[in-house]
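For reference, each letter of the sequence shown is one residue, going 2 to 304 in my numbering.
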Amino acid sequence: MEHLHSSWPLVSLVNESYWARKMFYSDWFLSMFGSQVTDAAGIGKVRSFVVDIVSERFRKHEAGDDVEETKKDMLSSWMKHGLTQTQCDAESLLALVAGSETSASVIRMTLLCLLTNPAAYRRLQETVRETLKRGDVSEPISFAQAKAIPYVKAVVYEGMRMRPGTQGTFPKIVPPQGETVQGGVFLPGGTRVGMNVPAVLRNEQVFGAHPAAFRPERWLDPQLTPAKVAEMEQATELVFGTGRWMCAGKPIALMELYKVFFELARNFEFGIANPIQPMETTCYNVYVDRNFWVWATDVAAKA
C-alpha cells in the first residue's frame, strides 16, 4: 500500500488538471517516462505485483489446475468470461488502484465516527444483536440481508456522506454549442465543469439540521417522505459520479460497506487507542490515513 500511497499526489494532479493530464497521458511522455513493472516504487511496483499474481493464475490454469473452478474472486470471473492475460492485468490494476484505498477510507472514517459517537455505535451493536437473535441472517451476512436492515443502511450512507472515498470533481466538458443549466446560467462550449461533492454532502436543505454532524438517525426520521429519502440517497451517491462515467465499482463498494459494518459489529467491540490524535490524514483526492489505531475485543471471547 505504501507504493500506492506514494503515487497519489501525482495521480491527483493529473486527474484534476486538464493540461497535466494531457501531457502525462500523451504517448510520447508515457513512452519515455511511464511506469514500468521493473520500477522499485510507485505505480510501477504495484503493476509488478499485479502482473505476478495474474501470471501465476494463468500458468496454473494452462497447466490444468482447477483452481479457477473453485475461486470466487473477480480475476477468476474475468478469466472464465474469456479475458486475455493482458486484459486481466489491466482490469486487476484498475480494481486495485480505484477500489482499495477509496473503500478503505470510507470504512476508517465511518468507524471513527461511530467510536466518537457512542449512542450511534451502541445502536448499531444493538441492531446487530437483535438481528442475530432472530436468526434470519447468514454468516457472513449477504448483501441483500444487510441492505434490509434500516440502521445498517443509515450508517453506510451517513459514513459516505461524512467523508467520501474521493474528493475528485469528476470534470465534464460542455458540448460545443454550450448549455444553459439550472438558474439560467449559460456555459460556453468547451468549458470544464466539475462537482463540489463535499459541499453537496453538507447541504442543510438536502440533509436537514446539523449536516456536519455524524447522525445516522437523520435517515430514519419518520417525517421523511420516500421522495426526500431518495433525494438524500441520490445526493450521497454523487460520490460515485453519475451518468455514463459513474464508478463501475459502485455495486461492489456498497456491498463491501454493508457487509463490513455488520460483520465488524457482530464479531468485535472497538475502542480508540489514541483519543488525543486518533488518525493522521492527508488528502490527494483520495484520503491517505495513517496511525488509526484501535483496540479490538473479540465479542465471542468477551461473552
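Note that CB positions come from ideal geometry on N, CA and C, so glycine has one too. None of the values given here were measured: they were computed from a predicted structure.
{"Item": "Taking C-beta to C-beta, are Gly166 and Val107 nearer than 7 Å?", "Value": "yes"}
{"Item": "Provide the residue span of the alpha helix (DSSP H) that contains Phe241, from first to last.", "Value": "No alpha helix (DSSP H) holds Phe241; DSSP gives it neither H nor E."}
{"Item": "Under the DSSP definition of a beta bridge, which residues are partnered with Ala297?", "Value": "Phe271"}
{"Item": "Quick one: measure Cβ to Cβ for Arg164 and Met110, integer angstroms, because I've assumed they're closer than 8 Å.", "Value": "4 Å"}
{"Item": "Using the C-alpha atoms, what's the distance from Val182 back to Asp66?", "Value": "57 Å"}
{"Item": "Express the C-alpha separation of Tyr259 and Ile142 in angstroms, rounding to a whole number.", "Value": "9 Å"}
{"Item": "If you pair each beta-carbon of the stretch 78 to 87 with each one of the stretch 122 to 136, do three or more pairs fall below 8 Å?", "Value": "no"}
{"Item": "Go to Glu1, then tell me how far its alpha helix (DSSP H) extends in each direction, as first and last residue.", "Value": "One cannot answer for residue 1 here, as it falls past the ends of the chain, which runs 2 to 304."}
{"Item": "Would you mind sorting Gly250 into buried or exposed? The rule is 16 or more other CB atoms within 10 Å of its CB.", "Value": "buried"}
{"Item": "Going by the beta-carbon positions, is the gap between Ser78 and Asn286 smaller than 7 Å?", "Value": "no"}
{"Item": "How many angstroms separate the CA atom of Arg219 from the CA atom of Val157?", "Value": "12 Å"}
{"Item": "Among Asn268, Ala274, Val198 and Arg203, which residue has its Cα nearest to the Cα of Gly242?", "Value": "Val198"}
{"Item": "Look at the alpha carbon of Ala96 and the alpha carbon of Ile44, and state the distance between them as a whole number of angstroms.", "Value": "13 Å"}
{"Item": "Going by alpha carbons, who is nearest to Arg124 out of Pro217, Ala41 and Lys46?", "Value": "Pro217"}
{"Item": "Return the CA-CA distance between Ala274 and Leu115, expressed in angstroms with no decimal places.", "Value": "14 Å"}
{"Item": "Based on the DSSP secondary-structure assignment, which residues constitute the bridge partners of Thr282?", "Value": "Asp290"}
{"Item": "Among Lys173, Arg267 and Leu94, which has the Cα closest to the Cα of Ser49?", "Value": "Leu94"}
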